[in-house]
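**Q** Mapping to the numbering used here: the sequence shown position 164 is 150, numbers consecutive.
All C-beta atoms in this analysis are idealised placements derived from N, C-alpha and C, irrespective of residue type, glycine included.
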Amino acid sequence: MAKRNTKKYIKRIMVTLLFSYFVYSTFINLDYRNHMKQSQEQNYQHLRTISAIGENLAERLEDFTQIPIEQEDEKGAELFDSWRVVSSESRSIYSYLSRISTLRMEDGIDDWNLLQYSLFRVDMFIDGMTIKFLGNRSYRISDEEKEKMDAVITVYRNVSKEAEKESVDIERLLESIQEPMLIIDNYYSDALEKTDRN
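1. Applying the criterion that 16 or more other CB atoms from any shown protein chain within 10 Å of the CB defines a buried residue, is residue 97 buried or exposed?
2. Within the continuous alpha helix (DSSP H) that includes residue 94, where are the two ends?
3. Could you pull out every residue in the same chain whose Cβ sits closer than 6 Å to the Cβ of residue 75, ignoring the five residues on either side in sequence?
4. Using only CA atoms, which one of 83, 16, 154, 31 lies nearest to residue 110?
5. If distances are taken between C-alpha atoms only, which option among 3, 135, 27 comes closest to residue 72?
6. Please look up how many angstroms separate the CB atoms of residue 169 and residue 149, rounded, as I've assumed it's under 8 Å.
7. With DSSP run on the structure shown, which of helix, strand or coil describes residue 179?
8. Buried or exposed: residue 79, going by 16 or more other Cβ atoms within 10 Å of its Cβ?
9. I'd like to know whether the C-beta atoms of residue 108 and residue 141 end up nearer to each other than 7 Å.
10. Under 7 Å, do residue 33 and residue 139 count as touching if we go by C-beta distance?
11. If we ignore side chains and look at the alpha-carbon of each, how far apart do residue 13 and residue 7 end up?
12. Look up residue 46 in the DSSP assignment and say whether it is helix, strand or coil.
13. Is it buried or exposed for residue 19, if we count other Cβ within 10 angstroms and need 16 for buried?
14. Measure the C-alpha to C-alpha separation of residue 69 and residue 50 and round it to an integer number of angstroms.
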């Protein structure tokens, strides 16, 4: 009799343990999926914020490039103000870019990594120009630098256009910024090769 009760008791414990394991596993799985979904939504929100900041950066950079450099002495304050906004907006974009967690993007990891890399390279170009302007105490730019600035404007305008859509397609966004990125970043073709996009 005692042996029979022990077997029943062990069976109940086993069933209870299996049920507990199943409930716990389901809870953990749902919690993980919820966390992944929240992280993905957060990444898209960061991208929309970057696009808004980038649109302002593009406008100010366009203002900057349209000021004739021959008038640098008379328009020095205007050049300074425009570039100050460009530089500070670039820092803000860098901050939001750093918050994007590409690991949470499942099948889109490579695309998000390339997008993040692309916008970091744009920031590096702007930083480089800031250092040059400070070192030279002049806002004179070469034709190549002007071309790169125009490419930066195109990149952020394209990011803004894509982010305004109801469904953001990162692959389509990357295609739209590929040409200007090849102008901005001398190593961009290598990055494209590594992600099989070339």
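**A** Taking the coordinates as given:
1. buried
2. From DSSP, residue 94 is part of no alpha helix (DSSP H); its letter is neither H nor E.
3. 39, 42, 43
4. 83
5. 135
6. In fact, because the Cβ distance is near 22 Å, the residues do not count as touching under 8 Å.
7. helix
8. buried
9. yes
10. no
11. 10 Å
12. helix
13. exposed
14. 7 Å
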